[in-house]
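Taking it in order: structure first as C-alpha cells, then the write-up.
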Amino acid sequence: MTKIGQMTVGSLMGRLSGAGRRRDAAPPGFPTAGLDPLTERLSQHKVTRIALSFLDANAGLHLKDLLLDAATDDRRVVIDGHTVWNFGSDSFLGLDRHPRVHDAIRDALPEWGAHNGASRAFSSPVLVDEAEEKLARWLGVPDTFIFPSVTLANIGLLPAVTQPGDLLVVDRESHDSVHQGAKLAAAAGARLEVLATPEPRALEKLVAQSGCRGGVVLAIDGVYSMSGRTPPLAELDATIRRLGGIMYVDDAHGTGVVGPRGRGAAAAALGSLDNVLMVGSLSKAFSCLGGFVTCTPELKTVLKIRSSTFIFGGPVPPPYLAAVSAVCDIMMSPEYDLLLAALHARIRRFTDGLDTLGIEHHGGDSAIVSLVVGDLEKTFHAGRNLFDRGFYAQSATYPAVPIHAGMLRVQINANHPLEAIDGLLNALADVWQESRLPRRGRAVTR
Ligand SMILES: Cc1ncc(COP(=O)(O)O)c(C=O)c1O
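Those letters in the sequence shown? Residues 16 to 461, by our numbering.
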C-alpha cells in the first residue's frame with residue numbers, strides 16, 4: 016500500500032469520502048501496485064498536496080463528495096443516516112419530480128431505448144429535432160443546438176465561434192468550463208484576454224489595447240454560479256456590439272427561472288436573444304440533461320462542422336430528449352406561472368428573512384442566494400453546523416471563490432415546503448449567533 020506522508024492511499028480515500036461507507040482500500044488480493052506509483056506522484060503536486068492535507072485535517076467537516084441514500088419529493092435527503100432539507104439542488108422548479116417529465120422519459124424508453132449509441136455527427140433520433148425546435152419556440156429564436164452538457168457546449172463552441180486573428184475576452188468570474196473552452200480557442204489561434212471586472216469601460220480598454228482586427232467575442236455568465244449575482248449584461252452587450260463583437264452568455268443558472276417566461280438573464284437584460292449567443296442548461300431548472308446554444312439554422316450548420324464535442328462526442332440519451340420537449344411544453348403553459356410564482360415566493364421569503372437577520376447575501380434574482388461567511392474554515396464550519404441542524408447548503412470555497420470570500424450557497428426550489436425555508440432561517444440565526452459570523456448593519460430581532 017502506498018504511503019503519502021503518514022497516510023496510506025486507502026485511508027486517504029476513506030477520509031475524502033467523509034461518508035465512511037465507501038471502500039477505503041482496495042479489496043484484499045486486488046492488485047494496486049500498477050496504479051499506486053501514479054497516485055503517489057500526483058499526490059505530491061503542490062496544490063494537490065495542500066488540498067489533500069486540508070481535506071484530511073477537516074474530515075467530516077467539508078461535506079464534499081457526499082452520498083445520498085434517499086431523496087423525497089419535498090427535497091429531503093438522507094446522508095449518513097441523517098435526514099436533512101436539501102438546499103443544494105439545481106432543480107429549481109422541482110421538475111425532477113414532475114409526473115409529465117417522468118412520463119416523457121418512461122414513454123420514450125421502449126421505443127428508443129436507453130441510449131442510441133452514436134455520435135450526433137452520424138445520426139440522431141428525431142427527438143433531438145423536436146427538442147431543438149421546441150426550445151427555439153420557447154425562447155423566440157430561429158433555432159437551437161443541443162449538446163450533452165453545458166460543459167461540452169462551452170468546450171465545443173468557444174473554439175468554434177473564434178478563429179486565428181480573433182479576440183476572445185473571458186470574464187474572470189465565468190464558469191470553469193468557459194475558461195477551459197477559451198483555452199482551447201487560444202490553442203487554436205484566437206487571442207485570449209481575461210476581463211478582471213465585468214465593466215463596460217474595462218472591456219473597451221481591453222479590446223482597444225489588443226489591437227485586434229478580427230472578430231471579437233465576449234464570454235460571460237448570465238448568473239454567476241457561486242454568488243448568484245448577474246453581471247451588467249445590457250451595458251456589456253451595448254459595448255461589445257459598438258466594437259463590432261458579440262456576447263456569448265453561459266446562462267446555465269438563469270435558464271428557466273430568470274426573465275420573461277424563464278428565457279434567462281440575457282433575455283431579461285437585452286429584451287430578446289436576437290444578437291447574442293445564449294447557452295442554456297437542460298440539467299438545472301429543466302431537470303433533464305444537456306445544454307444548448309441559441310442560433311440560426313445557417314449558423315448551426317457551421318457550428319456542427321466546427322465543434323469537436325459535437326463531432327466526436329456522444330448525444331443526450333433519447334428519453335431525456337423527450338423530457339426536454341415535455342419541459343418546453345410546461346414552460347409555455349399556464350402551469351409555468353404557478354411554478355415560478357411558488358419559486359419566487361420562496362426566494363423572497365428567504366431573502367426577506369436574511370435581511371431581518373442582517374445576514375449579508377448575494378443573488379436572489381435567480382434561485383441562488385449566497386450568504387457571505389469569510390474564510391475557508393469558517394465556511395466549512397458554518398456548512399457543517401447547518402447540516403447538524405438538519406439543513407444542507409453548499410460551502411462555496413476557494414478555488415471556486417477567492418480565498419477569503421467563502422459563502423454558503425443556498426439554492427431555493429419551488430418544491431421546498433415553507434416550513435423548510437423558515438427552519439433554515441432559524442438554523443442560520445443560531446449558526447450566525449454561535450459562530451459570530453459577519454452581519455450587515457444591525458440585526459433586527461426576529
Ligand atoms: C455557469 C455554468 N456553466 C456550466 C456549468 C456546467 O454545466 P453541466 O453540468 O451541464 O456541464 C455549470 C454548472 O453548475 C454552471 O454553473
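Backbone N, C-alpha and C define an ideal beta-carbon position, used for all residues, glycine too.
The three-state reading of DSSP puts residue 58 in helix, counting H, G and I together. Those residues that bring their Cβ nearer than 6 angstroms to a heavy atom of ligand 1 are 164, 165, 166, 190, 192, 236, 240, 265, 267, 268, 296, 298 and 306. Residue 90 and residue 377 do not touch by the CB rule: their CB atoms are close to 22 angstroms apart, not below 8 angstroms.
If you draw a 10 Å sphere on the C-beta of residue 428, you find 16 or more other C-beta atoms in it, and that means buried.
The DSSP assignment places complete beta strand (DSSP E) segments of no fewer than 3 residues inside the stretch 90–162 at 91–94, 97–101 and 158–162, in order along the chain. Using a Cβ-Cβ distance cut-off of 8 angstroms, the stretch 138–158 and the stretch 231–246 are not in contact, since fewer than three pairs of beta carbons, one from each stretch, lie closer than that value. In this structure, the straight-line span from the alpha carbon of residue 203 to that of residue 311 is close to 24 angstroms.
Selection 391, 226 and 363 evaluated against residue 436 yields 363 as nearest (Cα-Cα).
Here residue 263 is bridged, per DSSP, to 234 and 292.
Annotation for residue 449: the continuous alpha helix (DSSP H) segment containing it runs 433–450. The beta-carbon separation of residue 365 and residue 136, rounded to 45 angstroms, does not stay under the 8 angstroms limit for a contact. Nearest to residue 200 by alpha-carbon distance, out of 99, 174 and 146, is 174. Rounded to the nearest angstrom, the gap between the Cα atoms of residue 403 and residue 420 is 23 angstroms. Assigned with DSSP and collapsed to three states, residue 335 falls in helix. Residue pairing by DSSP places residue 406 opposite 100 in a beta bridge.
Here the stretch 276–291 does not lie against the stretch 117–136, with fewer than 3 beta-carbon pairs under 8 angstroms apart.
Residue 411 sits in a strand when the DSSP states are folded into three classes. Shown here, residue 416 sits in coil according to DSSP, grouped into three states, outside any helix or strand.
The continuous beta strand (DSSP E) containing residue 208 extends over residues 206–210. Judged by DSSP in its simplified three-state form, residue 346 adopts helix. With a cutoff of 9 angstroms on beta-carbon distance, residue 271 and residue 342 are scored as near each other. Considering only 113, 374 and 447, the residue with the shortest C-alpha distance to residue 401 is 447.
Here residue 406 is buried: its Cβ has 16 or more other Cβ atoms, across all protein chains shown, within 10 Å.
With distances taken between CA atoms, residue 308 lies nearest to 151 out of 452, 225 and 151. Cβ atoms of residue 165 and residue 338 stay farther apart than 8 angstroms, at about 17 angstroms. Between the alpha carbons of residue 438 and residue 418 lies a distance of about 29 angstroms.
For the pair residue 207 and residue 197, the CB atoms are nearer than the 9 angstroms cut-off. Here residue 273 carries a coil assignment [DSSP, helix/strand/coil]. Pairwise C-beta distances place the stretch 345–353 out of contact with the stretch 175–195, as fewer than three of them are shorter than 8 angstroms. Sequence-distant Cβ neighbours of residue 84 in its own chain, meaning closer than 6 angstroms and more than five residues away, are 93. Our two residues, residue 47 and residue 63, have alpha carbons roughly 21 angstroms apart in a direct line. Here residue 177 is not near residue 219, since their CB atoms are 9 angstroms or more apart. For residue 196, the enclosing alpha helix (DSSP H) stretches over residues 191–202.
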